[in-house]
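Q:
There are 2 protein chains.
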Amino acid sequence: MSVYGGIDLGGTKIQALVLGPRNKVLGSARMKTPTSGGPEDVAREMERAMRAAAEDAGIEVSELAGVGAGSPGVVRDGTVTSARNLPGWDGTFALADHLQKALGVPVKIGNDVGVALEAEVRHGAGRRYASLLGVFWGTGVGGGVAIDGERWVGRGGAGEIGHTVVELDGARCTCGRRGCMEAYAGRGAMEAHARKLVDRGQKTDLFKLMRKQDRDRLTSGIWARALEQGDELAEHMIERAVKAIAAAAASAVNLLDVEAVILGGGLGVRLGDPVAKRISKAMRPHLFADDRPPQVEVATLGDLGGAIGASLLVRPQSRARGARRAGARAGSSSA
Amino acid sequence: MSVYGGIDLGGTKIQALVLGPRNKVLGSARMKTPTSGGPEDVAREMERAMRAAAEDAGIEVSELAGVGAGSPGVVRDGTVTSARNLPGWDGTFALADHLQKALGVPVKIGNDVGVALEAEVRHGAGRRYASLLGVFWGTGVGGGVAIDGERWVGRGGAGEIGHTVVELDGARCTCGRRGCMEAYAGRGAMEAHARKLVDRGQKTDLFKLMRKQDRDRLTSGIWARALEQGDELAEHMIERAVKAIAAAAASAVNLLDVEAVILGGGLGVRLGDPVAKRISKAMRPHLFADDRPPQVEVATLGDLGGAIGASLLVRPQSRARGARRAGARAGSSSA
């Protein structure tokens, strides 16, 4: 029996899994992502997480047939470049090579959102659909499209649904551009906007909840808690985000007429079905074929989807449409 | 040698072609689209145009192996529903059946923009690209996506790039929705907006040119002429349209990372390379991977693309991805 490792490298946490056949979770470990240092420090924590997951599974790391890791930033030929939200990672770091030496087993890396979408397409909410749009709503908003049951990566960079222009000359996005959906919906952008509104004298319990939970940023859990408490500013900002996500998703559906929209990511999974329903409703006024709206569903693999998807990188059946044809497995590559 | 007929039914004109191998044009005829009456009157003009094209080719209509026709409106099972811009066509009309009886040869019909895109993908500007976005800029703005060299039709309704939301709560579109790209860029919407601005006292030669050319609407040629003359209002409105088209196209490229954008349609073809360059430039600030922008090219089949594409409906190799899998050749079907 071959067992595989999967690591999801996030801005807040590192999730490692040991997976058996049919994605059965044999072992799991979670570490905090370092907030200082550099790529080598992050890689060391990834190694620790993978070793802890192996221990949890009762196996040696050397027994893993391979390890896949999903990373933010630009992933190419086993390297990761400009991983925002990770400490000291402005340049390029040979992450796959580094982890392979540290763990002593084959390592492949892929884009975090890309592998999470792949997991949903093949083993999660997307299994029932021949075509779908994935919207991964977290610090940023990533995503992607699956067509005929396979993820479409284009020339390697497909999936940037968060950078759909929903407002000409609109809000400044963290990417520097104007009017992107992420500028309204990304957790990072929402937090910056909330701080600005508070500076202008608006009231909210968001930051009180943050301090109470000993956090230094507005996590998905804090947004969920604030909504439960009926916090008006939080409600206003989530509504603004829902409208932006819905406009971008409806535009993509108008162009591609996919069967479903799969909502994932930290905020998407945490806010779950109620927010999926809100997005579905907010899409309606923008859908050209509004008599047959696509299903809007929450990612079923939840916050393990990233690590499960990463493990698919080292499994034989891994695949994605598009750049693979040119020999370049976009968004993922071996060390 | 099999020869085929192709008819492009537009809001202004009906273009019929007789095509031989390699899409060689053997005969051609053009009629004005009736502005009054109903679907039967339009169908009669289509028949006349096809007969005139056959005469031009020196053949009998009965020698055609088949005739394909592209129509605006919702095309399903050989019928056309709600063809705006065509007289008295609010309901459903069995166009394929009607034409087949009139012409005595097999007839298939498809969506006008869909067949024009198919023509560009297989025989025009799209031939060199494995993936592309088509933007057909005319009275409305239609389009579509080709992936791995095949048009993607989704559940049958893909391609509505004109109904990409580029402005939340923005201008009212002719489709009734708000903030659609077409509300800024469609020739219909532009004309309505120009009339409003003139009513408010703004100056333009657009309507003077219209009367001089004995037209009752602002055709692509009139817009081109006004731009050549340096008409400020025309320039302002084309710039506004270019920005909207560019935002929608860039958003689609961010999501799909296609290799090229093919610009077709009456206005796209008439304004040609200079406007393709403007759209390309206006896309740049919105492209996530701005170091490798897609090519932006004008449709090479020009205003014959619609009729050529329509003829492909009755040729053996006709195909499109998506709904075809479910047995429903979306956007086209036999009588």
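Protein chains in written order, with our numbering: chain A, 4 to 338; chain B, 4 to 338.
For every residue, glycine included, the Cβ atom is placed at its ideal position computed from N, Cα and C.
Around the C-beta of A/T82, are 16 or more other C-beta atoms found within 10 angstroms, so that it is buried, or is it exposed?
A: buried
Q: For B/D260, does the count of other Cβ atoms within 10 angstroms reach 16, so buried, or fall short, so exposed?
A: It counts as buried.
Q: May I ask which residues mark the beginning and end of the beta strand (DSSP E) holding A/R79?
A: V77 to R79
Q: List the residues of chain B whose Cβ lies closer than 7 Å to the Cβ of A/N257, in chain order.
A: E163, H166 and T167
Q: With DSSP run on the structure shown, which of helix, strand or coil describes A/I241?
A: helix
Q: Please determine if the region 162-172 of chain A and the region 252-270 of chain B are in contact, where contact requires at least 3 C-beta pairs separated by less than 8 Å.
A: yes
Q: Who are the neighbours of B/I150 on chain A, taking C-beta pairs under 7 Å?
A: In chain order, I150 and W155 make up the part of chain A whose C-beta sits under 7 Å from the C-beta of B/I150.
Q: Pull up the distance between the alpha-carbon of B/V116 and that of B/G309, whole angstroms please.
A: 7 Å
Q: Roughly how many angstroms lie between the CA atoms of A/A99 and A/S5, to the nearest whole one?
A: 20 Å
Q: Which residues, taken in chain order from the region 284-310 of chain B, show a beta carbon closer than 8 Å to some beta carbon of chain A?
A: P288, H289, F291, A292 and R295
Q: Mind pulling the alpha helix (DSSP H) runs of 4 or more residues that sit fully within the region 239-325 of chain A?
A: 268-286 and 308-315
Q: Cα separation between B/W92 and B/G76?
A: 9 Å
Q: Which of the three DSSP states, helix, strand or coil, is assigned to A/L67?
A: Here DSSP, grouped into helix, strand and coil, assigns A/L67 to strand.
Q: Following the continuous alpha helix (DSSP H) through B/A32, name the residue where it begins and the one where it ends.
A: No alpha helix (DSSP H) holds B/A32; the beta strand (DSSP E) holding it covers V28 to K35.
Q: Whether or not the region 10-22 of chain B and the region 43-59 of chain B are in contact is what I'm after, with contact meaning three or more pairs of Cβ atoms, one per stretch, closer than 8 Å; do they touch?
A: yes
Q: Any Cβ of chain A within less than 8 Å of the Cβ of B/G8?
A: Using a Cβ-Cβ cut-off of 8 Å, B/G8 does not count as an interface residue toward chain A, since no Cβ of chain A sits closer than that to its own.
Q: B/K211 versus chain A: which residues are under 9 Å apart at the beta carbon?
A: Near B/K211 there are no residues of chain A at all, since even the closest Cβ is about 30 Å away, more than 9 Å.
Q: Tell me whether the beta-carbon of A/G244 lies closer than 8 Å to the beta-carbon of A/M286.
A: Gly is not the amino acid found at residue 244 of chain A; the sequence shown has Ala there. Against a cut-off of 8 Å, the Cβ pair of A/M286 and A/A244 comes out as no contact.
Q: Rounded C-beta distance between A/R79 and A/L315? I'm assuming under 8 Å.
A: The Cβ separation is near 19 Å, so there is no contact.
Q: To the nearest angstrom, how far is it from the Cα of A/R273 to the Cα of B/A250?
A: 31 Å
Q: Could you name the residues that DSSP lists as bridge partners for B/L20?
A: B/G9 and B/S31
Q: Could you give the DSSP three-state label for A/L171: helix, strand or coil?
A: coil
Q: Using a Cβ distance threshold of 8 Å, determine whether the region 261-271 of chain B contacts the region 126-136 of chain B, with at least three qualifying pairs required.
A: yes
Q: Taking 7 Å as the cut-off, is the C-beta of B/G267 nearer than that to any heavy atom in the ligand FMN?
A: Although the ligand FMN was asked about, the structure shown includes no ligands whatsoever.
Q: Taking only beta-carbon atoms, is A/A174 less than 8 Å away from chain B?
A: no
Q: Using a beta-carbon distance cut-off of less than 8 Å, what residues from the region 241-268 of chain A approach chain B?
A: Listed by position along the chain: K246, A247, A250, A251, A253, S254, A255, N257, L258, L259, D260, V261 and E262.
Q: Quick check: is the beta carbon of A/G160 nearer than 8 Å to any beta carbon in chain B?
A: Yes - at least one Cβ of chain B is within 8 Å of the one on A/G160.
Q: So, using beta-carbon positions, are A/E170 and B/L290 closer together than 8 Å?
A: no
Q: Starting from B/K111, trace the beta strand (DSSP E) in both directions and tell me its first and last residue.
A: V110 to N114
Q: Just tell me which of B/C176, B/L212, B/G271 and B/R180 has its CA closest to the CA of B/A195.
A: B/C176
Q: Quick one: using the 10 Å Cβ neighbour count with 16 as the cut-off for buried, is A/Q232 buried or exposed?
A: exposed
Q: Look at the alpha carbon of A/P90 and the alpha carbon of A/A279, and state the distance between them as a whole number of angstroms.
A: 32 Å
Q: Could you confirm whether any beta carbon from chain B is found closer than 8 Å to the beta carbon of A/R332?
A: Caution is warranted here: a pLDDT of 31 is assigned to A/R332, below 50, making its placement in the model unreliable, and no coordinate value can be reported.
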